[in-house]
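S.K.:
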Amino acid sequence: MDKPEMDKLEQEYFEELVELQPPGAALPRDLDAVWPRLLMGVADGHAAVERRGNDLLREADPRSTFELLPDFEREYGLPDACSPAAVTLQERRDAVVAKMRDEGRHDLAYWYELAAALGYEIEIDEPRPFIAGVSCCGDCLNGGHEVRFEWDVTVKGPRVTLFRCGESTPPDSLGDIAYAEDLECRIRAAAHSHTRIFFDYEDDNEGVSL
Numbered sequence: 001m002d003k004p005e006m007d008k009l010e011q012e013y014f015e016e017l018v019e020l021q022p023p024g025a026a027l028p029r030d031l032d033a034v035w036p037r038l039l040m041g042v043a044d045g046h047a048a049v050e051r052r053g054n055d056l057l058r059e060a061d062p063r064s065t066f067e068l069l070p071d072f073e074r075e076y077g078l079p080d081a082c083s084p085a086a087v088t089l090q091e092r093r094d095a096v097v098a099k100m101r102d103e104g105r106h107d108l109a110y111w112y113e114l115a116a117a118l119g120y121e122i123e124i125d126e127p128r129p130f131i132a133g134v135s136c137c138g139d140c141l142n143g144g145h146e147v148r149f150e151w152d153v154t155v156k157g158p159r160v161t162l163f164r165c166g167e168s169t170p171p172d173s174l175g176d177i178a179y180a181e182d183l184e185c186r187i188r189a190a191a192h193s194h195t196r197i198f199f200d201y202e203d204d205n206e207g208v209s210l
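Throughout the sequence shown, residue numbering follows full-length UniProt numbering, covering 1 to 210 in sequence.
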């Protein structure tokens with residue numbers, strides 16, 4: 001009778017079960033006997049439970065989840081109006097993480113964090129009006145007092161998502177380039193209603209080849 005193949009984890013459980021059994025002819029240890037083969041089946045079951053337990057640890061983190069990703073998306077209302085184009089596995093995970101980290105703040109650091117979570121690099125400029133006695137010669141005139149409620153967001157290139165072993169899965173493409181429609185949508189949705197936001201884009205694809 002051929003010896004069944006066991007992986008390392010199954011072998012460890014099998015050896016543990018063998019060591020726990022009482023000695024005697026009734027429970028032989030010869031691998032050709034029926035009893036050890038029964039223990040191999042039990043060891044296989046224990047190993048399967050441990051593997052699924054390890055899978056649960058991975059699945060509990062949205063940055064590495066596979067099976068529970070649809071549950072995370074349902075919990076956080078995804079896809080939504082701001083992320084309908086998240087088609088690759090990495091983009092879907094990033095959208096979930098961005099929603100989880102969303103604290104609803106309105107400071108500059110928050111907008112930078114939001115952009116980074118979605119895979120973009122940005123720069124924000126808050127113009128202020130030229131004020132006599134305060135501003136200096138050479139300062140931009142910018143406009144009247146209403147510019148206090150305007151801010152400019154410069155997006156430094158598109159988000160480039162490359163296929164990565166262990167993170168991506170078929171049918172994800174080898175590379176995906178996405179412009180910041182999702183970022184624009186989220187910033188406009190979260191910004192104060194009395195503010196005006198202008199987006200500029202820098203085309204910076206140097207060094208990216210797909």
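Idealized CB from N, CA, C, for every residue including glycine.
Name the one or two DSSP bridge partners that Glu150 has.
M.R.: By 1-based counting over the sequence shown, the position of residue 150 is 150. Looking at the DSSP assignment, Glu150 forms a beta bridge with Arg196.
S.K.: Is it right to say Phe149 is buried, meaning 16 or more other beta carbons lie within 10 angstroms of its own, or is it exposed?
M.R.: Translated into positions along the sequence shown, residue 149 becomes position 149. Exposed, since its Cβ has fewer than 16 Cβ neighbours within 10 Å.
S.K.: Assign Asp2 to one of three DSSP states: helix, strand, or coil.
M.R.: One-based indexing of the sequence shown puts residue 2 at position 2. At Asp2, the pLDDT of 48 sits below 50, so the modelled position is not reliable and the matter cannot be decided from this model.
S.K.: Under a three-way DSSP split, which group does Ala117 fall into?
M.R.: Taking the sequence shown and counting its residues from 1, the one referred to as residue 117 is at position 117. Ala117 falls in the helix class under three-state DSSP.
S.K.: Give me the Cα-Cα distance between Asp80 and Asp32, rounded to the nearest whole angstrom.
M.R.: As a working note, residue 80 is residue 80 in the sequence shown. As a working note, residue 32 is residue 32 in the sequence shown. Those two C-alpha atoms are separated by around 59 Å.
S.K.: Give me the DSSP bridge partner(s) of Ile124.
M.R.: Residue numbering aside, residue 124 sits at position 124 when the sequence shown is read from its first letter. Bridge partners of Ile124: Val153.
S.K.: Go ahead and pull the three-state DSSP assignment for Ser209.
M.R.: Locating residue 209 in the sequence shown gives position 209, counting from the first residue. Note that Ser209 scores 37 on pLDDT, short of 50, meaning its location in the model is unreliable; the coordinates nonetheless yield the value given after this. Correct three-state label for Ser209: coil.
S.K.: In whole angstroms, give me the CA-to-CA distance for Pro28 and Pro36.
M.R.: Taking the sequence shown and counting its residues from 1, the one referred to as residue 28 is at position 28. Taking the sequence shown and counting its residues from 1, the one referred to as residue 36 is at position 36. Cα-Cα distance, rounded: 7 Å.
S.K.: Quick check: is any heavy atom of the ligand ATP less than 7 Å from the C-beta of Trp151?
M.R.: Here there are no bound small molecules, and the ligand ATP is not part of this structure.
S.K.: Which two residues bound the contiguous alpha helix (DSSP H) that contains Leu9?
M.R.: Locating residue 9 in the sequence shown gives position 9, where the first residue counts as 1. Looking at the DSSP string, the run of the alpha helix (DSSP H) that includes Leu9 is Lys8 to Leu20.
S.K.: How many Å lie between Lys8 and Glu15 at the Cα?
M.R.: As a first step, residue 8 is located in the sequence shown; it is residue number 8 there, counting from the start. As a first step, residue 15 is located in the sequence shown; it is residue number 15 there, counting from the start. If you take the alpha carbons of Lys8 and Glu15, they lie about 11 Å apart.
S.K.: What do you get for Val153, buried or exposed, if any count of 16 or more other CB atoms within 10 angstroms of its CB means buried?
M.R.: Stepping through the sequence shown from its first residue, residue 153 is reached at position 153. Buried, because 16 or more other Cβ atoms sit within 10 Å of the Cβ of Val153.
S.K.: Quick one, which of Glu19, Ala25, Leu38 and Glu202 has its alpha-carbon nearest Glu121's?
M.R.: Taking the sequence shown and counting its residues from 1, the one referred to as residue 121 is at position 121. Comparing Cα positions, the closest option is Glu202.
S.K.: Cα-Cα, which of Phe199, Ala95, Glu10 and Leu39 is closest to residue 212?
M.R.: Any question about residue 212 goes unanswered here, given that the chain covers just 1 to 210.
S.K.: Here's a check: name, in chain order, each residue in its chain whose Cβ is nearer than 8 Å to the Cβ of Ile124, leaving out the five neighbours to either side.
M.R.: Here residue 124 refers to the residue found at position 124 of the sequence shown. Leu108, Trp111, Tyr112, Trp151, Asp152, Val153 and Thr154.
S.K.: By the 10 Å Cβ neighbour count, where 16 or more other Cβ atoms means buried, how is Ala180 classified, buried or exposed?
M.R.: If you number the sequence shown from 1, residue 180 lands on position 180. Buried, because 16 or more other Cβ atoms sit within 10 Å of the Cβ of Ala180.
S.K.: So, for Arg58: in the same chain, excluding its five sequence neighbours on each side, which residues have a beta-carbon less than 6 Å away from its beta-carbon?
M.R.: Your numbering for residue 58 matches position 58 in the sequence shown. Around Arg58: Ser64.
S.K.: Which same chain residues end up closer than 6 Å to Leu68 when comparing Cβ atoms and leaving out the 5 residues on each side of it in sequence?
M.R.: Along the sequence shown, one-based indexing puts residue 68 at 68. Cβ within range, chain order: Glu59.
S.K.: From Arg196 to Ala189, what distance separates their C-alpha atoms?
M.R.: Taking the first residue of the sequence shown as 1, we reach residue 196 at position 196. Taking the first residue of the sequence shown as 1, we reach residue 189 at position 189. Cα to Cα, Arg196 sits roughly 12 Å from Ala189.
S.K.: Pull up the distance between the alpha-carbon of Val96 and that of Gly77, whole angstroms please.
M.R.: Locating residue 96 in the sequence shown gives position 96, where the first residue counts as 1. Locating residue 77 in the sequence shown gives position 77, where the first residue counts as 1. Looking at the two C-alpha atoms, the distance is approximately 9 Å.
S.K.: Go ahead and pull the three-state DSSP assignment for Val160.
M.R.: Walking along the sequence shown from the start, residue 160 turns up at place 160. Correct three-state label for Val160: strand.
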